[in-house]
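Heads up, the thing below is written out as structure tokens.
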Amino acid sequence: MIGRSAGRIGLVAWHVFKESVRDRVLYGIAGFAVLLVAASILVGQLTAGEDIKIIKDLGLATIELAGVLMTVFIGVGLVSREIERRSIFALLAKPLPRWEFIVGKYGGLVLTIFVNLAAMTAALYLMLAYMSWGAMEVERRAWAAPATDPRLLIAVALIAAELALLTAVALFFSTFSSSALLSVALTVGLFIAGLLSHDLQHFGDIVEVPRSVATFVAAIGWSLPAFSAFSDVKNLIVQGQPVAGGYVAMTLLYAAIYSMAAIAAAVGIFSRREFK
Amino acid sequence: MSAGKTTLATLTVTVVLVGAAAGVLRARDRGYYLPEPTERLLYLRSGSTANRVFLSFDALAADIYWIRSIQNYGRDRTSDRPDRFQLLYPLLDLTTTLDPYFNIAYRFGAILLAVEEPQGPGRPDLAIKLLLKGLEKNPRWQYPYDIGFVHYWYTNDYQEAARWFERAAAMPRAPEWIRPLAAITMASGGDRQSARRMLNELLSSTEQYIRQTARRDLLKLDALDTIDRLNAVVEAFNQKNGRYPTDLDELVRARVVTSVPVDPTGEPFAYDPISHAISLSPTSKVGALPKKMNAR
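Here the protein sequences line up with chains A and B, keeping their order. My numbering puts the first residue of the first sequence at 135, with every later residue one more than the last. My numbering puts the first residue of the second sequence at 25, with every later residue one more than the last.
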């Protein structure tokens, strides 16, 4: 039973992956990202020192930004496109429970995003290895962390977790909105709100407001997907500062649990939806 | 399973999972200390770099950095991090570099920098540095007046305070009351009466945050007055009974005071039975009291 479900989910995911890699948007974004990672070498040249740090900062920011763009523009169309093309009728007529369809769609997009992340990370490491190869020993000693620091993978893992969470959010909006534009707006809106969630969680500490208002805003802050929770580690790793393994593990756990929540909500809505 | 039950089940699962996720995040934030990255600010500490980076959006960037300064202060005020308030000056410096005419960032920022521990970083030197930077760009009487105020209230250097009040009084459009204030400060700096007079003048300021600060500082003077009275009562108790009271309740039982004395925010005063000193409760909202401010 579980094996059959997993097989069907895997099949849907594989189809999503194959469909996504044919999407021109994906190539556009990936090409832009690789170009930007390469261009960071030029930017690094302009900074008079700290070039490795800037290349790492720019590289990680580019990977994250490109990932967000991919997730939003492909993720919001995952379900709504099937409805628009009317291919949903053929799918629902098959012995495929709706929840398996949603989970499969999610798995397929996450796979696509992760493959792209891996390619962009490889491009970044190549750039860093090139910079390290051309640097003098005295320059290397001044770096806060080695150029091809394997700990950068921790930052990439957290970006991957953030994108997996964003994919779940995009999928959730995709299930109840037939308009791709509306889904993009809602996903981007929630992403921005999530980036500010830390400030909302501690609203009462930041501004002086009645306790009830602070509690209300904090409750909203804790309920939002906390995209802000993934950002601090990048800077610390680039600066060569230690990051506790438990911190990273709990951040990944947070992303996993919240993603499940968003998928559960998506399944709930999609199960009730009627198609005419 | 019916559609209604499915919806209820998925809704319950969603709510439980969101709650669990929030719990994990809260546990992470409480369990792990992550140093705040200062490096990203160091990039932009130079005004010329910042101006280039933000292109024509300097003012907007200054607004954003100003908001970050306030948020940083608010967050650090309630935090127990060892490096709290460390980013406050760099943030304010960057804000005012991006927008050299950002008056509130200089003046209110200086107050935030000068506020004593644990409510603030207790750095009047940085407050004065920021105000001097503001004075250079904005030659207005408020800046030397604020510098004088920081000397008066936080560093207790009354000679210097009087000198800055004089300088403020000599500037265009300075109000009449500053010149006598300079004279009073020179003659009897550090007495509560002249401080009260200065704060009362500030209550009519056009800036709301200045009025709020003045109100808060007047409460501190009230608290100092009450502490003096209570110390006298404790001494009188000792004279009469040959020993000091064990707590403030004993003063009530002895009918020396009618009830346990409270500070201007309603918090009971603290009494140390060893040193017999009265002080503000650690949980008092009055804030740190000025160190040297006699009742004369």
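Cβ atoms here follow ideal geometry from the backbone N, Cα and C, with glycine treated the same way. If you're wondering where the values come from, they're calculated on a predicted model, not measured in any experiment.
### Task
Measure the alpha-carbon distance for Glu63 (chain B) versus Asn96 (chain B) and round it to whole angstroms.
Note that Glu63 (chain B) scores 46 on pLDDT, short of 50, meaning its location in the model is unreliable; the coordinates nonetheless yield the value given after this. Whole-angstrom Cα-Cα distance: 16 Å.
#### Entry: Residues sharing a beta bridge with Tyr295 (chain B), DSSP
B:Ile302
### Query
For Val286 (chain B), which three-state DSSP category applies?
strand
### Query
Three-state secondary structure (DSSP) at Asp215 (chain B)?
Of the three classes helix, strand and coil, the one that applies to Asp215 (chain B) here is strand, per DSSP.
### Message
If contacts are defined as beta-carbon pairs under 8 Å, then Phe404 (chain A) and Arg232 (chain A) qualify, I think. What distance do you get, rounded to the angstrom?
### Response
Contact between Phe404 (chain A) and Arg232 (chain A) holds: CB atoms are separated by about 5 Å, below the 8 Å threshold.
### Task
Kindly say whether Gly380 (chain A), judged by its beta-carbon, lies nearer than 8 Å to any beta-carbon of chain B.
yes
### Task
Decide if Val146 (chain A) is buried, meaning its Cβ has at least 16 other Cβ atoms within 10 Å, or exposed.
Burial state of Val146 (chain A) is buried, judged by a 10 Å Cβ sphere holding 16 or more other Cβ atoms.
### Query
Hey, is Ser357 (chain A)'s beta-carbon within less than 8 Å of any beta-carbon in chain B?
yes
### Task
Assess, as a yes-or-no matter, whether the segment 204-217 of chain A is touched by the segment 278-287 of chain A under the definition of 3 or more beta carbon pairs within less than 8 Å.
no
### Task
Return yes when the Cβ of Ala363 (chain A) is within less than 8 Å of the Cβ of Val303 (chain A), no when it is not.
no
### Query
Under the three-state reduction of DSSP, which class applies to Pro145 (chain B): helix, strand or coil?
Pro145 (chain B) falls in the coil class under three-state DSSP.
### Message
Any contact between the segment 226-243 of chain A and the segment 292-306 of chain A? By contact I mean 3 or more CB pairs, one from each, below 8 Å.
### Response
yes
### Query
Hey, Gly328 (chain A) and Phe350 (chain A): beta-carbon distance below 8 Å or not?
no
### Message
Can you give me the C-alpha to C-alpha distance between Ile152 (chain B) and Ile171 (chain B), rounded to a whole angstrom?
### Response
6 Å
### Task
With a cut-off of 8 Å on the beta carbons, I'd call Leu287 (chain A) and Arg142 (chain A) a contact; round off their distance for me.
The pair is not a contact, with the Cβ atoms about 32 Å apart (cut-off 8 Å).
### Message
Using the Cβ count rule (16 or more neighbours within 10 Å means buried), how would you classify Glu198 (chain A)?
### Response
buried
### Message
Alpha carbons only, please: which of A:Val377, A:Ser346, A:Ala195, A:Ile217 is nearest the one belonging to Phe166 (chain A)?
### Response
For Phe166 (chain A), the nearest C-alpha among the options comes from A:Ala195.
### Task
Check whether the Cβ of Ala85 (chain B) lies closer than 8 Å to any Cβ atom in chain A.
no
### Query
At least one CB of chain B closer than 8 Å to the CB of Leu160 (chain A): is that the case?
no
#### Entry: Beta-carbon neighbours of Leu145 (chain A), restricted to chain B and to distances below 7 Å
Ordered by position in chain B, no residue passes the 7 Å Cβ test against Leu145 (chain A), which lies about 23 Å from the chain.
#### Entry: chain B contact for Ser346 (chain A) (CB, 8 Å cutoff)
no
### Query
Could you give the distance in angstroms between the alpha-carbon of Ala134 (chain B) and the alpha-carbon of Pro148 (chain B)?
8 Å
### Same chain, Cβ closer than 7 Å to Glu190 (chain B), five either side skipped, listed in chain order
Ala206
### Message
Tell me the residue span of the alpha helix (DSSP H) that contains Asn250 (chain A).
### Response
232-268
### Task
Drop a sphere of 10 angstroms on the beta-carbon of Gln166 (chain B), count the other beta-carbons inside from all chains shown, and report buried for 16 or more, exposed for fewer.
buried
### Task
Please decide whether Thr121 (chain B) counts as near chain A, where near means a Cβ-Cβ distance under 8 Å.
no
### Query
Around the C-beta of Val168 (chain A), are 16 or more other C-beta atoms found within 10 angstroms, so that it is buried, or is it exposed?
buried
### Task
Determine, using beta carbons only, whether Tyr56 (chain B) and Gly380 (chain A) come nearer to each other than 8 Å.
Less than 8 Å divides the Cβ of Tyr56 (chain B) from the Cβ of Gly380 (chain A).
### Query
So with Cβ pairs under 8 Å, would you call Tyr240 (chain A) a contact of chain B?
no
### Task
Give a yes or no on contact between the segment 255-262 of chain B and the segment 296-303 of chain B, applying the rule of three or more CB pairs nearer than 8 Å.
Enough Cβ pairs lie closer than 8 Å, so yes.
#### Entry: Close Cβ partners of Asp271 (chain B) (< 7 Å) along its chain, the five nearest in sequence each way excluded
The beta carbon of Asp271 (chain B) is closer than 7 Å to those of Tyr295, Pro297 in its chain, skipping five residues each way along the sequence.
#### Entry: Three-state secondary structure (DSSP) of Thr36 (chain B)
helix
### Task
Kindly list, in the order they appear in chain A, the residues whose Cβ is closer than 8 Å to that of Val321 (chain B).
Lying outside 25 to 320, the shown extent of chain B, residue 321 (chain B) is not represented and no answer is given.
### Query
Which residues in chain A sit within 8 Å of Arg240 (chain B), going by Cβ to Cβ distance?
Per Cβ cutoff of 8 Å: no residues; Arg240 (chain B) is ~12 Å from chain A at best.
### Task
Inspect the beta-carbon positions of Leu322 (chain B) and Gly144 (chain B) and report whether they are closer than 8 Å.
Past the edges of chain B, shown from 25 to 320, lies residue 322 (chain B), and the structure says nothing about it.
### Task
Kindly indicate which three-state DSSP category Tyr56 (chain B) falls into: helix, strand or coil?
coil
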